[in-house]
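S.K.: Top line first, the protein sequences correspond to chains A and B. In my numbering, each number is its position in the first sequence, counted from 1, plus 65. In my numbering, each number is its position in the second sequence, counted from 1, plus 986. Following this message is one structure expressed as structure tokens.
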Amino acid sequence: MAETLLLEIGCEEIPAGFIAPALKELASLARSGLEDARLAHGTVRTLGTPRRLTLIVEGVAARQEDRIREMTGPAARVAFDVAGQPTQAAKGFAKSAGVAVEALERVTTPKGEYLLARVDEKGAAATDVLPARLADWITSLHFPKTMHWNGPARFARPVRWILALLGGRTLEFEAFGVASGHRTRGHRVLAPGWLPIPTPGAYETALQEAGVIVDPEARRARIREELARCAATLSGRVVEDDELIDEVANLVEWPEAVPGSFDVAYLKLPRPVIVTAMRAHQRYFAVEGKDGALLPHFIMIRSGRGPGVEEIRRGTQIVLRARLEDARFYWDNDLKGGLEAKLPLLRGIVWHERLGTVQDRSERLVVLVEDLARRLAPKSLVAAKRAALLCKADLASEMVRSGKEFASLQGIIGGEYAAASGESLEVAQAIREHYRPEGPSDPIPYTPEGKLVALADKIEATTGGLRAGLEVSGSQDPFGLRRAGNGIVRILVESEWRLDVLDAARFMEGVYDKAGIPPGEPDRFAEFWEQRAASALEDYGISSETAAAVLAVRPGDPVDLLARARAIEDIRRTSDFEGVLIGYRRAANILRSVPPGEISAGQPMAERADAFGERAEADLHLETKMARQAVETYLQGALPDYGAVLRHLLGLRPAIDRFFDAVMVMVDDPVARKRRLGLLEAVRQTFLRIADFSLLPSAPG
Amino acid sequence: MSAKAAAGAKSPRAVAAGAARSNAGVGSIGEPPRTFQETLLRLEQFWSDQGCALLQPYSSEVGAGTFNPATFFRVLGPEPWKAAYVEPSRRPKDGRYGENPNRLQLFYQYQVVLKPSPEDVLEVYLDSLRHLGIDLERHDVRFVEDDWESPTLGASGLGWEVWLDNQEITQFTYFQQTGGYELEPITAEITYGIERIACYLQGVDRIMDLQWSRDRTWADLFLQAEVEWCGFNFEHSDPTLLFELFEKFEREAYRLLKEGMVLPGYDYVVKCSHVFNLLDARGAIGVTERVASIARVRKLARAAAGAYLKQREAMGWPLLAGQAAPEPSTTRG
Chain A
66 MAETLLLEIG
76 CEEIPAGFIA
86 PALKELASLA
96 RSGLEDARLA
106 HGTVRTLGTP
116 RRLTLIVEGV
126 AARQEDRIRE
136 MTGPAARVAF
146 DVAGQPTQAA
156 KGFAKSAGVA
166 VEALERVTTP
176 KGEYLLARVD
186 EKGAAATDVL
196 PARLADWITS
206 LHFPKTMHWN
216 GPARFARPVR
226 WILALLGGRT
236 LEFEAFGVAS
246 GHRTRGHRVL
256 APGWLPIPTP
266 GAYETALQEA
276 GVIVDPEARR
286 ARIREELARC
296 AATLSGRVVE
306 DDELIDEVAN
316 LVEWPEAVPG
326 SFDVAYLKLP
336 RPVIVTAMRA
346 HQRYFAVEGK
356 DGALLPHFIM
366 IRSGRGPGVE
376 EIRRGTQIVL
386 RARLEDARFY
396 WDNDLKGGLE
406 AKLPLLRGIV
416 WHERLGTVQD
426 RSERLVVLVE
436 DLARRLAPKS
446 LVAAKRAALL
456 CKADLASEMV
466 RSGKEFASLQ
476 GIIGGEYAAA
486 SGESLEVAQA
496 IREHYRPEGP
506 SDPIPYTPEG
516 KLVALADKIE
526 ATTGGLRAGL
536 EVSGSQDPFG
546 LRRAGNGIVR
556 ILVESEWRLD
566 VLDAARFMEG
576 VYDKAGIPPG
586 EPDRFAEFWE
596 QRAASALEDY
606 GISSETAAAV
616 LAVRPGDPVD
626 LLARARAIED
636 IRRTSDFEGV
646 LIGYRRAANI
656 LRSVPPGEIS
666 AGQPMAERAD
676 AFGERAEADL
686 HLETKMARQA
696 VETYLQGALP
706 DYGAVLRHLL
716 GLRPAIDRFF
726 DAVMVMVDDP
736 VARKRRLGLL
746 EAVRQTFLRI
756 ADFSLLPSAP
766 G
Chain B
987 MSAKAAAGAK
997 SPRAVAAGAA
1007 RSNAGVGSIG
1017 EPPRTFQETL
1027 LRLEQFWSDQ
1037 GCALLQPYSS
1047 EVGAGTFNPA
1057 TFFRVLGPEP
1067 WKAAYVEPSR
1077 RPKDGRYGEN
1087 PNRLQLFYQY
1097 QVVLKPSPED
1107 VLEVYLDSLR
1117 HLGIDLERHD
1127 VRFVEDDWES
1137 PTLGASGLGW
1147 EVWLDNQEIT
1157 QFTYFQQTGG
1167 YELEPITAEI
1177 TYGIERIACY
1187 LQGVDRIMDL
1197 QWSRDRTWAD
1207 LFLQAEVEWC
1217 GFNFEHSDPT
1227 LLFELFEKFE
1237 REAYRLLKEG
1247 MVLPGYDYVV
1257 KCSHVFNLLD
1267 ARGAIGVTER
1277 VASIARVRKL
1287 ARAAAGAYLK
1297 QREAMGWPLL
1307 AGQAAPEPST
1317 TRG
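Written out as structure tokens, the structure reads:
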């Protein structure tokens, strides 16, 4: 009869972030382990809290499936003597396989004929098979960090008990120096003793009575309810924070909300500072009023239930006050002399041994931002320069240097200090947002000044880093160069700002040269940039072939790259495009087969068609010339309509086709040959204004 | 003494939280202690009953009880060890001239080291809180991941901050490494922040208002010292002298360790570390220099740990005598 399997690893408190991945791994170990053990089963699910990782498998078969195992024995030639009687070798093999000698079969293999025994293997009882498997699963779990506590075993935290049941039977084994049993433990305080579990079905209810909600999803749901209930009593609403809910759900076994308050005087601190003080270490939820302004309240989730709300509130308020008091101490100290007074301190902070101090870096940012502003947003020049000068000043502030939770607010803190030091709104906002985007889901800066400083910050970081020899390889991005590169693309594309990043990089190389920073390996930035741009284009849904094709031509300007790539993607699968590609490839192949010296585009052509051997040649000449003129006209526009450009190229198809139908290129007459090669080269050059179309494979079929 | 601090010192004491309740938890001995010194006495009694050797503080300035040889050295090697002691701990950078209610440049740790770590160590620890009169059912106790590391000692471990109503009252660590040496058996280190706990037990919000003895508050005894030491740490210390001392102490430590003077040599390692902390508080150490100086102290600590292991091995690990080799214990869950 099928039974439910219950396995619980009882631990000392496992770090919250380890729990979900470990449960996922446990489920997958169970699935593959049960299959390997030939044990049929139903649903596999996992539950867990900081003190327990639990696996429940329903409908586990009582026995393994039977099977016939084939065993290969000695070679047939040694298994029988001349009289055809089985030798000692055959008898021995039969015995070891547990079958009669007569039952042995022969099998032909590439190496010759061998004996074969078919062994009828009865499935063993699940209760016999499972213990070793379970021990194996739980000792195979991985964690980001493990420890010793007793002998060589490693786990996230010490394992203190193991509960293992198949139906009503205990599965006995040992792991981590702990013998499995039929007992668990309840909440540390509410029900600290041993709690016997008679059957898997009784597990969740028994724990619930012992103060433990063992299902993480149920704890999350309860936290939401508790937060809503509590916020209502504070006449406010909880500041949405799903990430925090997930974390808190894995910090407690029985969530219950306790509201608290802090002195309104602290509300004069910037909101991010207050929210960080509540969130980072304390994991309190912030509460805001209907108008969206923070209220001097918070909600903390305790682990437990019943009396003590007053005691807990008192404690949680004291600790928050200490943190806010720290913030106020830093805030007041840092503001002495304003943000600008921090600038000289940047000289004491080394950015990179080859690239100098943070002050050196700030000076370069000012130079670069000026260049960028002139090209992209001249009206923002003054504010952007000021912001670039000040944007790193908060690295010298107590708030960021403290290494406490507020260090994560770099940039934001600088913006707040700038505002409090009397800098303009634009300058403060640019500083606040200049680290953006910090990841794929983080927005780019909102203001032009912010965008300029963010761009400069990232271009300086990547060009400088690559010049100094920093590596970007594999999945590692220790210096954030890849992230910065992606940021450059996103800021330019989402702002529709036209900038040739390779131009800006060359500008920076000049700045580094002037500062006496030793040159790095050539072309490292260009390579890095093409990888970033290719990956960004793919993120925008462009195929890798199209990305490669457009990157082969003018790769520095992401807006232009994307426009060209999208136009090509739009028409790539049309039959006209396929047709023109065939002609284009034919031209390119011919050109490739000829020594480069023989080719030069723009061979003199007589204006009158009858000067040509073939009418088709004259047509192509004229059409190419017109197409080229049209393309060039479009390319001079701010952002060319590449769809229209491509239509002009497609328009060449009939002329190209007629040309190849009617004209021989590689004729003996050197003048005609040279002229026709020149014409094909002119066609190729016209296409190459947009992309390297030879990198586009033709449609399958 | 500032007027504010003086006023604080004379403010009426809050009544101990929950002192009058009858249904205290398991192992509780009823009412919480009313003074700081009683709090200490309770911890001393509890851990004495657990079989710990009660030791006294180290006689040199340290940043934490971990620096005391009773932890730094004793966690090394196979010898078992159970000890508990108070450690006055100096963190020059953390001082706030007595103005922040929770931050001091000198505070007291109560340090317990248990080697090998007992299986029920967390339950025993919770019992120690009950012994302090904390009714755990009326509070939120939590073990929050905190991997501890001392870059200067080359020591690290995994464990938790213990939170009582979100206040960190204890650092609990399973030592994994000290002086760069992997440890076996593993020591459990329990470090109580006594001021924090006492504030809680006495129902006061500021350390300065703690009742130390029946008739003296923390402010009566230490406020002036706190203000003065902050003045020294942040303003009046002499960086030139301190840099000089750092160099000299470092040389002396190496010389002594080389001559087999393990404990005297280690004393100078500890002095180096403290001088570094003073320089750091003074803002006299640049970022790169800071990293380099920490590495220098760590190298010293490693040398001391190595010398200690060599010495104990040569002595035949004397504390193993009369002890069966510790076997991994097995319990049925």
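Ideal placement from N, C-alpha and C gives every residue a C-beta, glycine not left out. As the structure is a computational prediction, the values presented were derived from the model and not from experiment.
Beta-carbon within less than 6 Å of A:GLU672's beta-carbon, same chain only, minus the 5 sequence neighbours each way: which residues are those?
M.R.: Position 607 of the first sequence, counting from 1, holds the residue named residue 672 of chain A. Model confidence at A:GLU672 stands at a pLDDT of 47, short of 50, so the residue's coordinates are unreliable; what they give is reported in the following sentence. Nothing meets the Cβ criterion.
S.K.: Please compile the residues from chain A whose C-beta is within a distance smaller than 8 Å of the C-beta of B:GLN1331.
M.R.: Outside the modelled stretch of chain B, which goes from 987 to 1319, sits residue 1331 of chain B, for which no answer is possible.
S.K.: On the three-pair Cβ rule with 8 Å, is the segment 156–176 of chain A touching the segment 128–141 of chain A?
M.R.: Touching, per the Cβ criterion.
S.K.: Going along the chain, which residues of its own chain have a beta-carbon closer than 6 Å to the beta-carbon of B:GLU1181, five neighbours each way excluded?
M.R.: The sequence position of residue 1181 of chain B within the second sequence is 195, counting from 1. Result list for B:GLU1181: PHE1093, ILE1193, in chain order.
S.K.: Using a Cβ-Cβ distance cut-off of 7 Å, determine whether A:ALA387 contacts chain B.
M.R.: Your numbering for residue 387 of chain A matches position 322 in the first sequence. With 7 Å as the cut-off, A:ALA387 counts as an interface residue toward chain B.
S.K.: With DSSP as the reference, please indicate the residues paired to A:VAL122 in a beta bridge.
M.R.: On the first sequence, position 57 is the one that residue 122 of chain A refers to. A:LEU70, A:VAL109.
S.K.: Helix, strand or coil for B:GLY1302? Go by DSSP, reduced to three states.
M.R.: For this step, residue 1302 of chain B is matched to residue 316 along the second sequence. The answer is coil: DSSP assigns B:GLY1302 none of H, G, I, E or B.
S.K.: My output table needs one value for A:LEU362: the three-state DSSP class, helix, strand or coil.
M.R.: Numbered from its first residue, the first sequence carries residue 362 of chain A at position 297. Contrary to the premise, residue 362 of chain A reads as His rather than Leu in this sequence. Strand.
S.K.: Can you round the beta-carbon distance between A:ALA297 and A:ILE366 to whole angstroms, since I take them to be within the 8 Å contact cut?
M.R.: Counting from 1 along the first sequence, the entry for residue 297 of chain A is found at position 232. Counting from 1 along the first sequence, the entry for residue 366 of chain A is found at position 301. Between A:ALA297 and A:ILE366 a beta carbon distance of about 16 Å is seen, past the 8 Å cut, so the two are scored as non-contacting.
S.K.: Compare the C-beta of A:MET66 against all C-beta atoms of chain B and say whether one is closer than 7 Å.
M.R.: For the purposes of this step, residue 66 of chain A is identified with residue 1 of the first sequence, where counting begins at 1. Answer no: the Cβ-Cβ gap between A:MET66 and chain B never drops below 7 Å.
S.K.: Chain A partners of B:GLN1163, CB-CB under 8 Å?
M.R.: Reading the second sequence from its first residue, position 177 is the one you call residue 1163 of chain B. None at all; the shortest Cβ gap to chain A is about 10 Å.
S.K.: Taking A:ILE553 as the reference, give the member of A:PHE758, A:GLY621, A:ARG388 with the closest Cα.
M.R.: Within the first sequence, the letter at position 488 stands for residue 553 of chain A. Selected option, being the one with the closest Cα: A:GLY621.
S.K.: Could you tell me if B:ARG1124 is buried or exposed, where buried requires 16 or more neighbouring beta carbons within 10 angstroms of its beta carbon?
M.R.: By 1-based counting over the second sequence, the position of residue 1124 of chain B is 138. With 16 or more other Cβ atoms within 10 Å, it is buried.
S.K.: Give, in chain order, every residue of the segment 1082–1094 of chain B whose Cβ lies closer than 8 Å to some Cβ of chain A.
M.R.: Answer set for the segment 1082–1094 of chain B: ARG1082, ASN1086, PRO1087, ASN1088, ARG1089.
S.K.: From the DSSP output, which residues share a beta bridge with A:MET212?
M.R.: In the first sequence, residue 212 of chain A corresponds to position 147, counting from 1. A:PHE220, per the DSSP bridge assignment.
S.K.: Return the CA-CA distance between A:VAL624 and A:LEU118, expressed in angstroms with no decimal places.
M.R.: Indexing the first sequence from 1 puts residue 624 of chain A at position 559. Indexing the first sequence from 1 puts residue 118 of chain A at position 53. Straight across, the Cα-Cα distance linking A:VAL624 with A:LEU118 is about 50 Å.
S.K.: Could you spell out the range, first to last residue, of the alpha helix (DSSP H) harbouring A:LYS333?
M.R.: Start at 1 with the first residue of the first sequence, and residue 333 of chain A comes out as number 268. Premise fails: A:LYS333 is in no alpha helix (DSSP H) and is neither H nor E.
S.K.: Count the other CB atoms, across all protein chains shown, that sit within 10 Å of the CB of B:LEU1249; report buried if there are 16 or more and exposed otherwise.
M.R.: Here the question's residue 1249 of chain B lines up with position 263 in the second sequence. Burial call: exposed.
S.K.: Would a check of beta-carbon distances place B:ARG1124 closer than 7 Å to chain A?
M.R.: By 1-based counting over the second sequence, the position of residue 1124 of chain B is 138. For B:ARG1124, the answer is yes, since a Cβ of chain A falls inside 7 Å of its Cβ.
S.K.: Reducing DSSP to helix, strand and coil, say where B:GLN1097 ends up.
M.R.: Residue numbering aside, residue 1097 of chain B sits at position 111 when the second sequence is read from its first letter. DSSP places B:GLN1097 in strand when its eight states are reduced to three.
S.K.: A:PHE327 and A:LEU385: beta carbons closer than 7 Å?
M.R.: In the first sequence, residue 327 of chain A corresponds to position 262, counting from 1. In the first sequence, residue 385 of chain A corresponds to position 320, counting from 1. Yes, they are a contact pair.
S.K.: Can you have a look at A:ARG772 and say buried or exposed, based on whether 16 or more other CB atoms are within 10 angstroms of its CB?
M.R.: Nothing in the structure corresponds to residue 772 of chain A, since chain A is present only between 66 and 766.
S.K.: Just the chain B side, please: which residues come within less than 7 Å of A:ILE377 by C-beta, in chain order?
M.R.: As a position in the first sequence, residue 377 of chain A is number 312, starting the count at 1. Correct list: HIS1125, ASP1126, ASP1151.
S.K.: In angstroms, rounded to a whole number, what distance separates the CA positions of A:ALA165 and A:GLN153?
M.R.: To locate residue 165 of chain A, count along the first sequence from 1; it is residue 100. To locate residue 153 of chain A, count along the first sequence from 1; it is residue 88. Roughly 13 Å between the two C-alpha positions.
S.K.: Taking 7 Å as the CB-CB cut-off, is A:SER368 touching chain B?
M.R.: Numbered from 1 along the first sequence, position 303 holds the residue referred to as residue 368 of chain A. So, interface residue.
S.K.: In whole angstroms, what is the alpha-carbon distance linking B:LEU1118 and B:VAL1148?
M.R.: Here residue 1118 of chain B is taken as the residue at index 132 of the second sequence, counted from 1. Here residue 1148 of chain B is taken as the residue at index 162 of the second sequence, counted from 1. If I take the Cα positions, the gap works out to 15 Å.
S.K.: With the cut-off set at 7 Å, would you say B:VAL1127 and B:LEU1150 are in Cβ contact?
M.R.: Here residue 1127 of chain B refers to the residue found at position 141 when the second sequence is read from its first residue. Here residue 1150 of chain B refers to the residue found at position 164 when the second sequence is read from its first residue. Yes, these two residues count as a Cβ contact at 7 Å.
S.K.: From this set, A:ASP306, A:ALA155, A:HIS346, which residue's C-alpha is nearest B:GLU1154's C-alpha?
M.R.: Counting from one through the second sequence, the residue named residue 1154 of chain B turns up at place 168. Out of A:ASP306, A:ALA155, A:HIS346, A:HIS346 has the C-alpha closest to the C-alpha of B:GLU1154.
S.K.: How should A:PRO513 be labelled, buried or exposed, when 16 other C-beta atoms within 10 angstroms of its C-beta is the threshold for buried?
M.R.: In the first sequence, counting from the first residue as 1, residue 513 of chain A sits at position 448. Buried, since its Cβ has 16 or more Cβ neighbours within 10 Å.
S.K.: Give the interface partners of B:ASP1191 over in chain A, defined as CB-CB distance under 7 Å, in chain order.
M.R.: As a working note, residue 1191 of chain B is residue 205 in the second sequence. By Cβ distance, chain A contributes ILE383.
S.K.: Per the contact definition of three or more C-beta pairs closer than 8 Å, is the segment 1093–1106 of chain B in contact with the segment 1064–1083 of chain B?
M.R.: yes
S.K.: Looking at the unbroken alpha helix (DSSP H) that takes in B:MET1247, where does it start and where does it end?
M.R.: Counting from one through the second sequence, the residue named residue 1247 of chain B turns up at place 261. That residue, B:MET1247, is in no alpha helix (DSSP H); it is neither H nor E in DSSP.
S.K.: Evaluate contact between the segment 304–316 of chain A and the segment 268–285 of chain A, counting only Cβ atoms and requiring at least three cross-stretch pairs below 8 Å.
M.R.: yes
S.K.: What residue range does the alpha helix (DSSP H) around A:SER839 cover?
M.R.: Only positions 66 to 766 of chain A appear in this structure, which leaves residue 839 of chain A out of reach.
S.K.: Identify the contact partners of A:GLY371 in chain B, using a Cβ-Cβ distance below 9 Å as the criterion.
M.R.: One-based indexing of the first sequence puts residue 371 of chain A at position 306. What A:GLY371 touches in chain B: GLU1123, ARG1124.
S.K.: If you run the structure through DSSP and keep just helix, strand and coil, what is A:LEU411?
M.R.: If you number the first sequence from 1, residue 411 of chain A lands on position 346. Of the three classes helix, strand and coil, the one that applies to A:LEU411 here is helix, per DSSP.
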